[in-house]
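Residue 16 in UniProt numbering sits at position 16 of the sequence shown; the count goes up by one each step and never skips. Using N, Cα and C, we set each Cβ at its ideal position, and we do this for glycine too.
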Amino acid sequence: MTTMHTPTEQQAAIIQAVVQGEHVAVQALAGTGKTTTLGMIVQALAPRQVRYITFNARNAREVSHEFASMPNVRVSTGHALALRACRTDPTLEHWVQHAGTGRVPFNEEFETLGVDDFAHVLSRTPSTIPGRKWNQHPPKFSHRRRMLSLARKTVIEFCKSADDEVLEAHLPKDLDQDKDIRAQVLRAARRMWDLLSEGKAFTPNHAYYYKAWSLSNPLIGLPGDVIAYDEAQDAAPVLLKVLLAQRHRCQLVFVGDSYQMIYGFTGSVDGVARLSEIPGVTTLPLTTSYRFGPSIAASANGVLAKLGSAHELIGEGPEEGTFSTVDAVHGKPDAILCRANSQVLRHAMWQLRADRKVHSTLNPKALESLAKDVHRLQQGETESINDPILSGVDDLDSWLEAEAEDGNDDLRSRVRAILSVGIDQVLDLASRLVPADKADVVVSTVHKAKGGTWDHVVIDLPVADDDESRKLLYVARTRARVRSEQIRKAS
1 MTTMHTPTEQ
11 QAAIIQAVVQ
21 GEHVAVQALA
31 GTGKTTTLGM
41 IVQALAPRQV
51 RYITFNARNA
61 REVSHEFASM
71 PNVRVSTGHA
81 LALRACRTDP
91 TLEHWVQHAG
101 TGRVPFNEEF
111 ETLGVDDFAH
121 VLSRTPSTIP
131 GRKWNQHPPK
141 FSHRRRMLSL
151 ARKTVIEFCK
161 SADDEVLEAH
171 LPKDLDQDKD
181 IRAQVLRAAR
191 RMWDLLSEGK
201 AFTPNHAYYY
211 KAWSLSNPLI
221 GLPGDVIAYD
231 EAQDAAPVLL
241 KVLLAQRHRC
251 QLVFVGDSYQ
261 MIYGFTGSVD
271 GVARLSEIPG
281 VTTLPLTTSY
291 RFGPSIAASA
301 NGVLAKLGSA
311 HELIGEGPEE
321 GTFSTVDAVH
331 GKPDAILCRA
341 NSQVLRHAMW
351 QLRADRKVHS
361 TLNPKALESL
371 AKDVHRLQQG
381 ETESINDPIL
391 SGVDDLDSWL
401 EAEAEDGNDD
411 LRSRVRAILS
421 VGIDQVLDLA
431 SRLVPADKAD
441 VVVSTVHKAK
451 GGTWDHVVID
461 LPVADDDESR
471 KLLYVARTRA
481 RVRSEQIRKA
491 S
C-alpha cells in the first residue's frame with residue numbers, strides 16, 4: 001500500500017478517533033475495506049508503532065506484502081507472537097523444544113501418560129454377577145489410544161479457552177455421558193497438561209505453547225504502541241484475553257464484522273463486541289462496499305435486517321452486478337458454496353462430470369484417509385483404523401445416530417457425507433481434485449470460503465431460520481463481485 005487514497009467519511013472518523021488515542025472497535029460490514037482502512041490508520045499514526053494481529057499465516061503474509069512500505073507496522077498472528085516468546089524466554093523455551101520433531105509413537109505416549117491408569121474405564125464390560133456392575137479387563141491398544149486421544153482433545157480445548165486450568169467444560173462435546181468415563185478423561189487430561197508443563201514429550205501441537213504463553217501474562221509491544229486486531233469477530237478466547245489485558249499500556253483497535261461470526265462452534269468469541277462493551281471505547285461503522293453493487297448489497301441487507309443490524313451495506317461496486325435465485329447450477333460458476341460436506345462432495349462430483357477442474361476445501365489426503373477408515377470400520381477391521389475416535393466405535397449406525405451435545409460433530413458430518421456419496425466415489429473424487437490456482441471452479445463450505453471473493457458465485461444453502469444460518473447466508477451472499485445466484489431449494 002504505497003498510495004494514500006482519500007478516506008471516506010466513515011474511514012476519516014475512524015482514523016481521527018485512533019489518532020486521538022481512543023480505543024476503537026470498528027464494525028466493518030462485508031467488503032467494506034477493513035485492510036485498506038487499517039493501512040490508512042498505520043500511515044496516519046507514523047512513526048508510532050502498530051502491532052497488527054491477523055487471523056492466520058496466509059493473511060499475515062498478504063498484509064505484510066501490502067504494508068511493505070510502512071516501517072511502523074509489524075504484522076503477526078497470535079501463534080507467531082507466542083512462538084517467538086517461547087523461543088526467547090528461558091522460562092517458556094521447554095514448550096517448543098519438541099516442536100518439529102513429528103509424531104511421538106503411541107507406545108511412548110502411553111508410557112509417559114501412564115494411560116492404563118485411566119483406560120481401564122473403557123475396557124470394562126457389564127457384569128451379570130449380582131452386586132457387581134462391571135467386569136474389569138486389561139485395556140487393549142484401541143482403549144489406550146482412545147483415552148490418549150480424548151485426553152489430548154480435552155487439553156487442546158483448554159488451550160483454546162481463556163481458562164487457567166483444565167475443567168470439565170473442556171471435555172469433548174460428544175463424549176459419553178457416563179460419569180466414570182468423564183472423570184477418567186478429565187484426570188488424564190490434567191495429568192497430560194502437568195507433564196507437558198514439565199517438558200515431557202507428546203506429539204507436538206501449536207495449542208500447547210500458545211496456552212503456556214498466554215498464561216505467562218505476556219506484554220505485547222512497548223507502552224504507547226497500537227495493537228490492531230483484524231477479523232476480531234472470531235477471536236480465540238486464549239488470544240483475546242491477552243490482547244484485552246494490554247489496554248492499560250497500549251491502544252487497541254479491533255476491526256471485524258459481528259454478522260460474519262461463523263466460527264462460534266470452535267469456541268471463538270466476538271472480540272469486536274467484547275471491546276465495545278468496555279466503558280470509554282469508541283465504536284464506529286464501515287458500511288460502503290466497493291466489492292459489489294446495489295443488487296448484491298440489497299440481498300445481503302435482507303439478511304442483516306433479520307439479524308438485527310443497525311447498519312446496511314451500501315454497494316458502490318460494479319453496477320452490473322446481480323443477485324438472483326435459480327433452480328440449479330447454470331453456466332460455469334467460479335465458486336459453489338454450501339453448508340454441508342455432503343453438498344460439497346456432490347457438487348464437486350457434478351462439476352468433474354462436466355469436465356471442469358475442481359478445487360475443494362476438503363483436504364484430499366484427509367478425505368481419502370477417512371473414507372478408507374469408514375470402509376475398515378464397516379469390515380470390522382478396527383485395529384487398522386487411523387482415526388482415534390472411529391477406532392473406538394463398535395457400531396457405526398448407532399454412533400451416527402447419537403447426537404453431540406452442541407449438534408456440531410464435524411467427524412459425524414464427514415462420515416455421513418462419505419456414506420451418502422459412496423466410498424468408492426469419494427476415493428475417486430479425492431484423486432482428481434486440483435490446487436486452487438489450477439481450478440476452473442472452487443467448491444467449498446461457506447466456513448472455508450470466508451474471506452474469498454469470485455466474480456460468479458452459486459449458493460446452495462438450506463433455509464436460514466436461525467441466526468447461525470443467517471450469518472452463513474450473509475457471508476455467502478457477499479462473496480460475489482458480479483453474479484450471485486442462490487439455489488431456491490438446497491440440494
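**OP:** Can you grab the Cα-Cα spacing for the pair isoleucine 314 / histidine 143, in whole Å?
**Re:** Computed Cα separation, rounded: 57 Å.
Subject >> Start and end residues, beta strand (DSSP E) containing histidine 248 >> reply: Per DSSP, histidine 248 lies in no beta strand (DSSP E) and is assigned neither H nor E.
Subject >> Inter-residue spacing [alpha-carbon to alpha-carbon] between residue 560 and glutamate 319 >> reply: Outside the displayed span of the chain (1 to 491) sits residue 560, for which this structure offers no information.
**OP:** Could you tell me if glycine 114 is buried or exposed, where buried requires 16 or more neighbouring beta carbons within 10 angstroms of its beta carbon?
**Re:** Burial check for glycine 114: the Cβ neighbour count within 10 Å stays below 16, so the residue is exposed.
Subject >> Collapsed DSSP secondary structure at alanine 464 in the structure displayed >> reply: For alanine 464, the secondary structure class from DSSP, reduced to helix, strand or coil, is coil.
**OP:** Label lysine 365 either buried or exposed according to how many other C-beta atoms from any shown protein chain fall within 10 Å of its C-beta, with 16 as the threshold for buried.
**Re:** Note on lysine 365: under 16 other CB atoms within 10 angstroms of its CB, so exposed under the neighbour-count rule.
**OP:** Compare the Cα-Cα distances from alanine 245 to each of Val255, Ile227 and Gln233 and report the closest residue.
**Re:** Looking at the Cα atoms, Ile227 is the closest of the given residues.
Subject >> Residue environment, asparagine 107, which counts as buried when at least 16 other CB atoms sit within 10 Å >> reply: Under this definition asparagine 107 is an exposed residue.
**OP:** Using a threshold of 9 Å, state whether the C-beta atoms of threonine 478 and isoleucine 296 are closer than that.
**Re:** Taking C-beta atoms as the reference points, threonine 478 and isoleucine 296 count as a pair closer than 9 Å.
Original post:
Can you check whether the CB of threonine 283 is closer than 9 Å to the CB of threonine 32?
Top reply: Not a contact, by the Cβ cut-off of 9 Å.
Original post:
Bridge partners of serine 444, per DSSP?
Top reply: Residue pairing for serine 444: DSSP places it in a beta bridge opposite Leu337.
**OP:** May I ask you to report which of helix, strand or coil DSSP gives isoleucine 296?
**Re:** Here isoleucine 296 sits in helix by DSSP.
Original post:
From valine 155 to proline 105, what does the alpha carbon distance come to, in whole angstroms?
Top reply: Between valine 155 and proline 105, the C-alpha separation is close to 19 Å.
Subject >> Opening and closing residue of the beta strand (DSSP E) in which leucine 284 lies >> reply: Its beta strand (DSSP E) spans residues 282-286.
**OP:** Take alanine 85 and list the residues in its own chain whose beta-carbon comes closer than 8 Å to its own, dropping the five residues that flank it on each side.
**Re:** Cβ neighbours of alanine 85 beyond the five flanking positions: Leu92, Trp213, Ser216 and Pro218.
**OP:** Report yes or no: do the region 3-17 and the region 187-207 share at least 3 C-beta pairs separated by less than 8 Å?
**Re:** Contact between the region 3-17 and the region 187-207 is absent, because fewer than three Cβ pairs lie under 8 Å.
Original post:
Among Gly264, Leu243 and His248, which has the Cα closest to the Cα of phenylalanine 254?
Top reply: Checking every option, the nearest Cα to that of phenylalanine 254 belongs to Leu243.
Original post:
Cβ of glycine 321 within 9 Å of Cβ of valine 482?
Top reply: Between glycine 321 and valine 482, the C-beta spacing is below 9 Å.
**OP:** Tell me alanine 480's beta-bridge partners as DSSP assigns them.
**Re:** Beta-bridge partners of alanine 480 (DSSP): Trp454.
Original post:
Going along the chain, which residues of its own chain have a beta-carbon closer than 8 Å to the beta-carbon of isoleucine 389, five neighbours each way excluded?
Top reply: The beta carbon of isoleucine 389 is closer than 8 Å to those of Arg146, Ser149 and Leu411 in its chain, skipping five residues each way along the sequence.
**OP:** Would you kindly check if the distance between the Cβ of aspartate 460 and the Cβ of glutamine 343 is under 9 Å?
**Re:** Aspartate 460 is positioned such that its CB atom lies closer than 9 Å to that of glutamine 343.
Subject >> Sequence-distant residues of the same chain with beta carbon closer than 7 Å to arginine 291, five excluded per side >> reply: Excluding residues within five positions, the ones whose Cβ falls inside 7 Å are Gly31, Gly317, Thr453 and Arg481.
Subject >> DSSP bridge partner residues for serine 324 (one or two, in chain order) >> reply: Bridge partners of serine 324: Glu485.
**OP:** Would you identify the three-state DSSP class for isoleucine 385, choosing helix, strand or coil?
**Re:** In this structure, isoleucine 385 counts as coil in the three-state DSSP scheme.
Subject >> Three-state class that DSSP yields for arginine 124 in the structure shown >> reply: Three-state result, arginine 124: coil.
Original post:
Between the C-alpha atoms of leucine 345 and glutamine 177, what's the straight-line distance to the nearest angstrom?
Top reply: Cα to Cα, leucine 345 sits roughly 32 Å from glutamine 177.
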